[in-house]
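J.:
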Amino acid sequence: MTPFSHLLTMLPDTIERVLADDDDSLFGIDPDELAGICASWRERARFIADIPFDGLHVDGPPTRVTTALRSLAEPSRAAADSIADRLLAMSVALQQFSADAQASDAAAGRAFDLLPQR
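Just so you know, we're using the numbering used here here: the sequence shown kicks off at 572 and counts up by one.
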């Protein structure tokens, strides 16, 4: 297993259920599921941010290859930081979406409750 292979598990199995053709009636927002996705993205962000790129030391005479390999640490760190930041930002946005959706659902429910009985 490569260090990055577990990142393929970032999509929860519920996404597969939503996209499956055998259940056309599935619709809704599950706050617990969204919270789980947010937590997963934050966990992955921490993992990616903690990848040590300072170990990319190359010994050997100065050749084009060793020079290129020596130059990888800084851009690799920048890329990993960018990915981690994006995952955190996505987590915050999804968390806000969940809160907004719950508040909107509650407000809509109250509006229906206020309708006169017939």
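By construction, the Cβ of each residue, glycine as well, lies at the ideal position given by its N, Cα and C atoms.
Because the structure is a prediction, the values reported are computed rather than measured.
On a CA-only basis, which of Asp601, Gly599, Leu605 is nearest Ala664? Give me that one, please.
T.: Numbered from 1 along the sequence shown, position 93 holds the residue referred to as residue 664. Checked all of Asp601, Gly599, Leu605; the closest Cα to Ala664 is Leu605.
J.: Find the nearest neighbour of Phe624 within the set Ala670, Leu640, Arg613, Glu614, judged by alpha-carbon distance.
T.: Sequence index remark: in the sequence shown, residue 624 carries index 53 (1-based). Out of Ala670, Leu640, Arg613, Glu614, Leu640 has the C-alpha closest to the C-alpha of Phe624.
J.: For the pair the region 603 to 620 and the region 659 to 674, tell me if three or more CB-CB distances fall below 8 angstroms.
T.: Enough Cβ pairs lie closer than 8 angstroms, so yes.
J.: Let's test the definition: count the other Cβ atoms within 10 Å of the Cβ of Gly626 and tell me whether it reaches 16, buried, or not, exposed.
T.: For the purposes of this step, residue 626 is identified with residue 55 of the sequence shown, where counting begins at 1. Exposed is the call here.
J.: How far does the alpha helix (DSSP H) with Ser675 in it extend, from its first residue to its last?
T.: Mapped onto the sequence shown, residue 675 falls at position 104. 644 to 684 is the extent of the alpha helix (DSSP H) around Ser675.
J.: Give the single residue among Ile600, Arg615, Leu685, Asp601 whose Cα lies nearest to the Cα of Leu658.
T.: Indexing the sequence shown from 1 puts residue 658 at position 87. Considering only alpha carbons, the answer is Arg615.
J.: Have a look at Ala674 and Arg681 and give me their C-alpha separation to the nearest angstrom.
T.: Your numbering for residue 674 matches position 103 in the sequence shown. Your numbering for residue 681 matches position 110 in the sequence shown. Cα to Cα, Ala674 sits roughly 11 angstroms from Arg681.
J.: Considering only residues of the same chain and omitting the five flanking positions on each side of Ile654, which have a CB-CB separation below 7 angstroms?
T.: Along the sequence shown, read from residue 1 onward, the residue named residue 654 stands at position 83. The answer, listed in chain order, is Ile619.
J.: On the criterion of 16 or more Cβ atoms from any shown chain inside 10 Å, does Ser642 qualify as buried, or is it exposed?
T.: Here residue 642 refers to the residue found at position 71 of the sequence shown. That one is exposed.
J.: In this structure, how does DSSP classify Leu597 when only helix, strand and coil are distinguished?
T.: As a working note, residue 597 is residue 26 in the sequence shown. Confidence in Leu597 is poor, its pLDDT being 49 and thus under 50, which makes the residue's placement too unreliable to answer from.
J.: Using beta-carbon positions only, say whether Ala651 and Ile622 come within less than 9 angstroms of one another.
T.: Start at 1 with the first residue of the sequence shown, and residue 651 comes out as number 80. Start at 1 with the first residue of the sequence shown, and residue 622 comes out as number 51. Their beta carbons are under 9 angstroms apart, which means Ala651 touches Ile622 by this criterion.
J.: Tell me the residue span of the alpha helix (DSSP H) that contains Gly631.
T.: Indexing the sequence shown from 1 puts residue 631 at position 60. Note, Gly631: premise wrong, no alpha helix (DSSP H); not H, not E.
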